[in-house]
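For reference, the structure discussed in these notes is given below.
In the numbering used here, the protein residues as written are 54 to 334.
Right, dumping it as structure tokens:
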């Protein structure tokens with residue numbers, strides 16, 4: 054399984070997540086503690102937002118711990134919103150096009166998890182894409198295809214609703230084709246303004262997700278596993294979505310939408326009620 058970290062707030066140097074902490078993302082690339090596999094050496098990537106609406110991006114197939122350019126870039130680039138990912142491949146070859154984050158227009162996306170029986174579902178999933186999104190696909194991973202499906206279902210209009218609809222479509226597709234219904238999805242994505250994350254699995258065994266305040270003036274960090282031993286890290290429950298925006302962090306219940314595949318009626322996640330939520334300092 055992969056490891057990732059994302060941040061939104063006052064500008065920080067990327068090294069404050071990627072290289073500097075005791076359990077930084079580079080450290081997790083060869084010594085993850087809360088994943089099935091400790092080593093995540095099948096490439097890495099970072100996407101960051103600056104003065105332009107579309108993100109910058111740097112990816113490579115080298116293990117994150119062995120790329121001196123990554124350390125240099127992380128020390129120099131300062132951003133108010135960025136995503137960083139180290140990959141442990143569960144499908145798709147080790148090639149740059151398969152390294153996260155994926156980008157399309159102003160959107161960036163990274164994922165930890167899998168789609169069960171993806172080799173049998175890939176073609177009908179691709180058939181749901183219009184020509185523009187189909188030709189935008191450059192890699193072979195289930196992660197990139199889930200991102201494109203979310204774009205197809207209206208990510209610009211309703212980010213969490215589109216994500217719920219994409220996951221619901223994949224689950225119903227698997228059931229209709231008599232394949233195992235297994236989607237494990239812990240992902241972060243952004244339009245350059247807000248940062249979103251979802252932790253969801255059809256078998257209630259979603260990959261981990263944690264959050265903590267970081268930086269001045271209400272910044273937040275979302276990670277696959279804590280970057281240090283600080284007690285500020287709170288685990289986001291399975292079946293939840295997180296929005297980090299100008300007004301801080303909002304944690305909501307989340308589930309895959311049970312709607313017709315080509316519909317636009319994805320369930321709207323509701324805020325967590327009393328006793329359901331997670332305390333973020």
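A virtual CB, placed ideally from N, CA and C, is assigned to each residue, including glycine. These numbers come from a predicted model, not from an experiment.
For residue 63, the number of other beta carbons within 10 angstroms of its own is below 16, and it is reported as exposed.
By alpha-carbon distance to residue 129, the top candidate from 114, 115 and 101 is 101. By the Cβ-count criterion, residue 153 is buried, with 16 or more other Cβ atoms from all chains shown falling within 10 Å of its own Cβ. Straight through space, the alpha carbons of residue 233 and residue 260 are spaced by roughly 18 Å. Secondary structure at residue 181: coil, using DSSP grouped into helix, strand and coil. For residue 195, the enclosing alpha helix (DSSP H) covers residues 195-205. Here the region 268-278 does not lie against the region 214-227, with fewer than 3 beta-carbon pairs under 8 Å apart.
Taking the C-beta atoms as reference points, residue 59 is found no nearer than 7 Å to residue 78.
With respect to residue 149, residue 112 sits close: the two C-beta atoms are nearer than 7 Å. Membership of residue 71 in the alpha helix (DSSP H) is indicated by the continuous run 68-71. In the DSSP assignment, residue 222 falls within the alpha helix (DSSP H) that extends over 212-229. A buried status is given to residue 278, since no fewer than 16 other beta-carbon atoms sit within 10 Å of its beta-carbon. According to the DSSP assignment, residue 119 belongs to no beta strand (DSSP E), since it is labelled neither H nor E.
Taking C-alpha positions only, residue 201 is separated from residue 293 by approximately 21 Å. Cβ neighbours of residue 239 within its own chain (closer than 6 Å, five residues either side excluded): 165, 166, 252, 259, 260 and 262.
In the structure shown, the three-state DSSP call for residue 165 is strand. If you check the CB distance, residue 159 and residue 245 come in under 7 Å. When the five nearest sequence neighbours on each side are left out, the beta carbons in the same chain lying within less than 7 Å of the beta carbon of residue 131 are those of 64, 65 and 66, in order along the chain. Looking at the DSSP output, residue 138 shares a beta bridge with 57 and 98.
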